[in-house]
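*Asks:*
In the working numbering, the protein residues as written are 234 to 1465.
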C-alpha cells in the first residue's frame, strides 16, 4: 500500500494538506509542482540520512541562492568546524507532459536555460554565505524531463567519485540519470548556427532574433559563413543582403577550427527538426543581415574568446563541470513509492510535510539528522500501530457511542478520568471499527495498540515527537498501557475481561446495525477444495449468512475453510501412463475434464485394471484446470453409507459427504453455494463394490447432482455393472460416453520398478533376471489360467512384491503353479516377510515365536479391518494404526482403507472362511454370501473363496457355516442351479464341491445337467434339441456345453468325491433320460476328450455296470454317427483306436458281434463319412484311415452270413458318395 494516499496521516485528525502551499511557493505553477519540490527535499534527505552528517533547508533566500534556492543541502565536515564538506544547491522543475524531452533550445532558453543558473551562481558567489560555506559541490537541475538524443550529443553522463548523492539500491531508480554539459563551447556555437539557419530559411522576411550569448564570437564566425551580395529590388534599385558562402556550405578547408564546428552545428540545427540542409537550394538563397556584421572592420583576435556574463572561459569551465542535470525523476505516487523504499517503509507524507515544510510566514532553519530520526520514529510507530479503515462491513452510526466518545475527546486532557472503557459484546474488531469511525472525525491524533504491540508502544512513546500522540485506543489489553498523563486512553475489551466491570459502555451490535457487507473484500479467507484454492467470493453472500449476526460473526472469524471430497492420496509409484479408449479411438484424460456440462463418462474394466488410479489422475488434471473448475472424488461406498435416499433433494445433502473443516451449518451452506456456481467434475469410484440396493441410492444421488447445469459426471466400475449404469442414465443417452482402459505395459512397469527407480545401481544379474522374468511372464501366467489378470496393474504390483527379493539373486526361477487366490496369498505373505526382513534370526526359537505372534496379529487385524470397512461394525479405529507399516492399507484423516478393493476382498473372504461363524455373525455371513458367493464370472472374490475352500490349513468347515450356506441355497429355488452354473463358469471347483456336499440329495436330483439347453416350444413345453444349438435355459438346467476337457474332468472328480455315498446324483449327471440328449461319452467322442472318455468308462464299469450296459446299448448308433462324422482331431488320441482296444480288452467276440448286428454300422459309415461338422475339416487321409478301421471291425466281428447281407445292402448305399478314393475302397471291400 502507498503511504501517500491514506495511512495514519490521512486518518489522524483528518487534517487537510498545507493550505499555504501556493503562498509559500509562488514560483510554482501548480500543486504538482509543489509536490515535486517537496519530494525533492525528502528524497535528498533520504539519500544522505544513513550515510552522512548533514543539514538541509527547504527554500533558501533567493537573494542569496537565486533560482537555485529550492533545496540547500550541506554535508558536514567530520570535525564540524570549518564549514560544510560539500554544498548542494537544487532547483526542481516538473512538467505535466511526462513524455517531454529536453532540447538544445531548452538549454539555451533565456528564462529556464543555463543562463538563469549562471546568474544564480554569480549571485551566490557574491554573497556572504559563499564566503562561509564555499562554492557549491553541485548545482542541480532536478527535472521530470528526459533528454533528447540531439541534446545528448553535447552532454555526457555525470560520474564523480566524491558524489554524495549516489542513487542506488532503490527499485527502479536506474530511471534517474545524471548529465552535465561537457561541450559547452559547442553549445554557444550551436546557438549561432541555429540563428543562422533561421535567417537562411526566412526568405527575406523580417525575423526578430536576439543577440547571441557570445556576440563577439558570433561576429568572427559569421564572416566565415556568409558574404554580402547585391540584390535588385522590385522598383529597380539594389539592396545589400547576405547569403551562405559556398566554402561554408561545402566545408572548404579554408574554414577555421571553430568555423568547422559552426558548420557541424548548422547540420545539428537541422537534425533537431528531423531534416538535413539542402546545400543546392541554400546556395542561391539570400536573406537580411540581422546580425549587424561589420565586414569592413578587421577581426579583433583579442575578442576571439568565450566569455559570458563577465565569466571568463576558465570560470565557465568550472560552472559547467558543477552544473548537473538530474533527469527522468518520477512524479506523484511513483516517487512516493520510491520514498517509502528509501526510508525502509517509514515514510509518511503527511508527517514529513508537517515537520519539514514551513507554513505561512513561518521560516524554518536548516534541519539536521536528529529531527529526521524523530520523524522516522514517529512514522514507524504510527505505521506499525495503524489499523486501516474497516471497509468490509459498514455499520450504522451509533449516536450514543458517538456522543460518549466525543465528550471524552473534547474534555480537558488533564481531566482525572482520562480513560474510557467500551465492552465489545458482539465482536471486538467491529467495536474497534465503530470507535475508529468516530475518532477519525475528532480533533485528535491516535494509535491502536493490541497485546502484541504493547512493548513496542511503550518504547515508541519515549522517542516519538512530543505531542504527536494524543489518544491511545487499547484493544483487549490485560493491563492498561503506561502513558503520559496528557494522553487519553480508550480501552476496548471483550465481555469476559476483568475490566468489563464498573463504569463502561456496552457496544451490542445487531444485524440491523449492519448497513453493508462487502463480501468481495473478505480476501483474507482461504477456501480450498481438494488442495485447490478457490477464489469465489460469491460464496460469502448475504443469503449464506441468512441475516443472522451470529453467522456473520462466524464468517468474519473464518480464516480457512478446507474441504476434501473423499480421502485419497494420489501417489502412484512407478506409474505407467495409460490410455482411455472409446468407440472412436484414443481419448486423452485431460480432454475428459473439459467435457461439456452434464456429460456422463463411464470407465469400465475388470478388477485391478487401474480404474481408481486413472480416476485420481483425472482428478489431479482437473485440479490444475481453470479456477472455476472443481473435481470431487467419492467412493460409491461413501455415498451409500450416508443413506442420502429419502431426502427431497439428495444433492442438498452433498456437504454431508465432504470432509469440511471447520464444519457448521454456515460452512456447509458456503460449500454448497460454491459448488452451485462452479464447473464441477464429480468422480464416483467403485460403483460395483456396493450392493444392489446401495447402487440404486448412488444412482439417485448422481442424477440429483446432474440437475446442476454446470456439473459433469465420471464413474468407474467393473464391466458387469456397465449395463446397469447405461440403463440408469438412459434419459441422458446423448451425453453418456463409455471408455475402457488401454493395455497396461507390464514390461515397462517392471523395468521402471527394478531398474530406473531402484535406489542402488542395477547389477548384471538383476538385468538378466528381469529379462527372463518379462520374457516368461506371459507364458507362465497363461498356463496357470491367469491370463485375464495378466495386464492388470494391481496384479503386476502383487507379482513385484512376491519377487522383490528374488529378482536380484542368482539361479532365479519363476513359479508356474499360480492361480489368482494363491497369488494373492503369496503377495500378502511377502508383504509381511518384506516388512520384517533382517529383524529376526530364524535360528532363535524366541524370534520364531515372535514372528508367529506378529503374523497371527497381522492376519487378524487385516481381516477385522476388512470386516469393519464392509459392514461398519468396528468402533476402535486406532486398532489398525500399526497396519500401515505393511503397505496393504493407507491412513488418511484417521480413516483406514486398503490399497485396493481386491486386497480388501482377500481379507474379507479369509475372515469368513477362517474365523468361526457363530450366532453373532450369522446374519453378516449371510450378507457376505449374497454379495460375493457365486455372483458372476469376473468376481475375484469368488476365486478367493475357492482358494480358501481348497486350503485345508485355512478353511474352517463348521456346522454353523454349512447351515448358513444351506439356508442361503434354500432361500431361493434358483440359487442352487445358478451357483452351480457360476462355479463351472468360473472354474471354482472347490466351490462346486462345497455345493455338492452341503446340498441335500433331492435338491441335487432336481438339477438337469445337459450339453446344451432346451428349446421352448410355442405351447410352453420343452422342445427337442436341434443339432448342437440350444436356445433358452430352464431354471434347473446346467449347461455343460462350454466346458473344456480339463474342466469336465474336474467336474467328474467333484461329483465322485462329493457324492461317493450318493450314486444317484452321479448317475443323474452321467445318464440323461432323454435319448436325444448327449451324454458324457458322446461328448467325449465328439470333442474328442480321450481322458474324459476313460474316466467315465472306468467309473461306470466299476460303480454302475448294469445301468451302464443298458445305457450304452441304447446309444450305440448315436456313438457310431459321432465317431464317423467327427473323425479325428489334430494332436488328439484317435477315439476309434481307443474303442477298438476297449472292445478287445473288455468284451467277448460274441458280445461285439451282437452289438454290430443291432444296428447297421456300414450304413452309418456310408451316410456320414463325407459329412463335415462345424469347426472341423475334411481330411481325406484321416477319413480313409477311419474307413479302413471300421471295415476291419465289421470283417472281424460279423459272422459270414451277416457280413454278406451288409455287403449286399451296401452296394446301393455307396452310389451317392462323391469322394472317389472312399468310394473306390468301399467297392473293393464289397467285392472281397
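Glycine included, every Cβ here is placed at the ideal spot set by N, Cα and C.
Report the option in 470, 555, 1117, 1379 whose CA atom is closest to the CA atom of residue 1334.
*Replies:* 1379
*Asks:* In whole angstroms, what is the alpha-carbon distance linking residue 853 and residue 1132?
*Replies:* 18 Å
*Asks:* Any chance you could list the alpha helix (DSSP H) runs of at least 4 consecutive residues sitting entirely within the region 1288-1315, in chain order?
*Replies:* 1296-1303
*Asks:* Comparing C-alpha positions only, which one of 1053, 917, 539 sits nearest to residue 834?
*Replies:* 917
*Asks:* Scan the region 1319-1391 and note each continuous alpha helix (DSSP H) run of 4 residues or more that stays entirely inside, going in chain order.
*Replies:* 1323-1336, 1338-1359, 1368-1379, 1382-1390
*Asks:* Can you tell me whether residue 745 is buried or exposed, with buried defined as 16 or more other CB within 10 angstroms of its CB?
*Replies:* Of the other Cβ atoms in all chains shown, fewer than 16 fall within 10 Å of the Cβ of residue 745; this residue is therefore exposed.
*Asks:* According to DSSP, what are the bridge partners of residue 334?
*Replies:* The partner list for residue 334 (beta bridge, DSSP) reads 379.
*Asks:* So if DSSP puts residue 949 in a beta bridge, which residue, or which two residues, is it bridged to?
*Replies:* DSSP lists 836 as partners of residue 949.
*Asks:* Does residue 434 get closer than 8 Å to chain C when you measure Cβ to Cβ?
*Replies:* This model lacks chain C altogether; it includes just one protein chain.
*Asks:* Are the CB atoms of residue 1398 and residue 1355 nearer to each other than 8 Å?
*Replies:* no
*Asks:* Along the chain, where does the alpha helix (DSSP H) containing residue 433 start, and where does it finish?
*Replies:* 417-433
*Asks:* Could you check what DSSP says for residue 1279 in three-state terms: helix, strand or coil?
*Replies:* helix
*Asks:* Can you find the residues in the same chain that come closer than 6 Å, C-beta to C-beta, to residue 1462, ignoring five residues on each side of it along the sequence?
*Replies:* 1424
*Asks:* Considering only residues of the same chain and omitting the five flanking positions on each side of residue 1319, which have a CB-CB separation below 7 Å?
*Replies:* 1355, 1359
*Asks:* By how many angstroms is the C-alpha of residue 780 removed from the C-alpha of residue 907?
*Replies:* So the alpha carbons of these two residues sit roughly 19 Å apart.
*Asks:* Of the choices 991, 979, 1030, 492, whose alpha-carbon is the least far from that of residue 1007?
*Replies:* 979
*Asks:* Report yes or no: do three or more beta-carbon pairs, one from the region 947-967 and one from the region 989-1001, lie closer than 8 Å?
*Replies:* no
*Asks:* Quick check on residue 892: does DSSP put it in helix, strand or coil?
*Replies:* strand
*Asks:* When you compare each of 873, 958, 1144, 1340 to residue 924 by their alpha carbons, which one comes out closest?
*Replies:* 873
*Asks:* When you compare each of 634, 481, 504, 1087 to residue 493 by their alpha carbons, which one comes out closest?
*Replies:* 481
*Asks:* Is residue 900 helix, strand or coil by DSSP?
*Replies:* helix
*Asks:* If you compare alpha carbons, which of 1343, 373, 1365, 1284 is closest to residue 1323?
*Replies:* Per the C-alpha coordinates, the member of 1343, 373, 1365, 1284 positioned closest to residue 1323 is 1365.
*Asks:* Is it true that the CB of residue 293 sits closer than 8 Å to the CB of residue 302?
*Replies:* yes
*Asks:* According to DSSP, is residue 1241 helix, strand or coil?
*Replies:* strand
*Asks:* Return yes when the C-beta of residue 722 is under 7 Å from any heavy atom of the ligand NAD, and no when it is not.
*Replies:* This structure lacks the ligand NAD; in fact it carries no ligand of any kind.
*Asks:* Based on DSSP bridge pairs, tell me the residues matched to residue 654.
*Replies:* DSSP output for residue 654 lists 724 as bridge partner(s).
*Asks:* Secondary structure at residue 1046, three-state DSSP: helix, strand or coil?
*Replies:* coil
*Asks:* May I have a chain-ordered list of the beta strand (DSSP E) segments no shorter than 3 residues that lie completely inside the region 471-544?
*Replies:* 471-477
*Asks:* Do residue 531 and residue 447 have their CB atoms nearer than 8 Å?
*Replies:* no
*Asks:* Could you give the distance in angstroms between the alpha-carbon of residue 609 and the alpha-carbon of residue 276?
*Replies:* 14 Å
*Asks:* Assess contact between the region 410-419 and the region 583-599, defined as three or more Cβ pairs (one per stretch) separated by less than 8 Å. Is contact present?
*Replies:* no
*Asks:* Quick one: using the 10 Å Cβ neighbour count with 16 as the cut-off for buried, is residue 707 buried or exposed?
*Replies:* buried
*Asks:* Got a sec? Which residues, its chain only, sit under 8 Å from residue 1392 by beta carbon, not counting five neighbours each side?
*Replies:* 1349, 1350, 1353
*Asks:* Tell me where the alpha helix (DSSP H) around residue 1206 begins and ends.
*Replies:* Element bounds for residue 1206: n/a, residue is neither H nor E.
*Asks:* Closer than 8 Å is the cut-off here; do at least three beta carbon pairs connect the region 659-670 with the region 785-800?
*Replies:* Segments in contact, yes.
*Asks:* Between 1176, 1175, 1128, 1199, which has its C-alpha nearest residue 1155's C-alpha?
*Replies:* 1199
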